[in-house]
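Numbering (my numbering), first residue to last: 318 to 794.
Ideal Cβ positions, reconstructed from N, Cα and C, are used throughout, including at glycine.
Notes for the one structure printed next.
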């Protein structure tokens, strides 16, 4: 990952590097716009931090020049105060977000990582089975069963028509991956793609995130905010979990889908924009309508392009294809082992077939990755797979989370002559707690951090420190 800081104050680059010291990011800095553009062409960063005033140009002028080079590059716009008209103008031009000086280290880290994740979603190629070779590090939709064939056809139809799409499937079935495939094969692959988890926001703040707000629209709100519909015009937005959208906002979304017009929260100015919207749901959409959680008129509008993703338990014929794909990917791209080609033993395949996979493809991927790390050999044996399932927190027979056996834990530490059992126990409890919360939130780190009462940056640091793999918890991977 690369980050470019364009600011004539050399101290800013130092502050940014210190704030992100725990992450594998390569930093470059420029003290003027001209040098910044040269580095942009040469280094191809994943995110840019841009100051509002530079010696040779304004930050606003430079946004347009940066977008001419790379229209999907996330730009963090640095301003002297949050109410700055320049910050509002930058967001209208498509800046990813703005930061107010002096910077808070955790805010820098959080916004930068969000921008890099957005960049990854836009650029990481998603390959369909009809394509012969996968790009290095890219993702592939795998499956030959009739249900997946229907998914591939639906992707083609949706991509050709530039329409709103509803992706329906259980957690872990691949809704985000399919959304990215529609985006990349669709009409707007060179424009921004933003993902928003609707469960992360209260009703008013979700409306503000999408439509923006005017001063005094909510208690404590003193400045105007530009929402994603305005910021991301001509781009694509993925709204995760449509049932989490309040009915009043569903009504405004329905109007937007029909007219491409909206008003900011607390405002009366009608704004035109052109955004393609994808929605996801982990539930049956018709049941959501029957339960009153989804407006019938919004459902009818989306019903022409509903892509239904099958759970893994209904894709028995695809299991071997998925296993071979993930094992090959881990060997070739991640180079988890030095054994070259790796195969799965007959016993391991039997265990994989017998398990019901409530976490679907995302869970299968995580378990296989863990088993390969454990085995470090040319064959993934059944014993390694059993261990991977246990470490994944699943009892293969009952499908329940495994609690720590504290008596065994203490005995083991005493026999190893540990003199720091308290600290080791705290770490073990923290690992267990965070794993449970991440599993409950489907790997949604913002939601998990809010439940834990810590910042998202703190949660990320704990995940890294505790050696947790976020992939095993992801609900939409």
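- For the pair residue 496 and residue 723, the Cα-to-Cα distance works out to about 43 Å.
- In this structure residue 725 is exposed. Its beta-carbon is surrounded by fewer than 16 other beta-carbon atoms within 10 angstroms.
- Where residue 351 is concerned, the enclosing alpha helix (DSSP H) starts and stops at 350-360.
- In the structure shown, residue 457 adopts extended strand secondary structure according to DSSP, grouped into three states.
- For the pair of segments examined, the region 508-516 was found to touch the region 549-560: the number of CB pairs separated by less than 8 Å reaches three.
- In the three-state reduction of the DSSP assignment, residue 375 falls in the strand class.
- As for any alpha helix (DSSP H) of minimum length 4 sitting wholly inside the region 558-597, the runs are 564-576, ordered along the chain.
- Per the DSSP secondary-structure output, residue 366 pairs in a beta bridge with 322 and 393.
- Excluding five sequence positions before and after residue 341, the CB atoms of its chain that fall closer than 8 Å to its own CB belong to 318, given in chain order.
- Around the beta-carbon of residue 489, 16 or more other beta-carbon atoms lie within 10 Å, marking it buried.
- Beta bridge pairing from DSSP links residue 553 with 510 and 593.
- Going by C-alpha positions, residue 520 is about 7 Å away from residue 562.
- It is roughly 25 Å from the alpha-carbon of residue 571 to the alpha-carbon of residue 468.
- Proximity to residue 431 across 446, 441 and 414 peaks at 414, based on C-alpha coordinates.
- In this structure the region 426-442 does not lie against the region 567-587, because fewer than three pairs of beta carbons, one per stretch, are closer than 8 Å.
- Counted as a single uninterrupted DSSP element, the stretch harbouring residue 482 is not any alpha helix (DSSP H) but the beta strand (DSSP E) occupying residues 482-485.
- Using a Cβ-Cβ distance cut-off of 8 Å, the region 478-486 and the region 608-623 are in contact, since at least three pairs of beta carbons, one from each stretch, lie closer than that value.
- Of the candidates 383, 385 and 350, the residue whose Cα lies closest to the Cα of residue 370 is 350.
- Ranked by Cα distance from residue 659, the options 401, 754, 640 and 667 are led by 640.
- In this model, residue 614 and residue 559 are separated by some 14 Å (Cα to Cα).
- A straight-line Cα-Cα distance of about 17 Å links residue 682 and residue 752.
- Straight-line spacing of the CA atoms in residue 785 and residue 748 works out to 8 Å.
- For the options 408, 777, 754 and 781, the alpha carbon positioned closest to that of residue 768 is the one of 754.
- Residue pairing by DSSP places residue 414 opposite 393 in a beta bridge.
- Under DSSP, the beta-bridge partners assigned to residue 625 are 485.
- With 16 or more other CB atoms across the displayed protein chains lying within 10 angstroms of its CB, residue 760 is buried.
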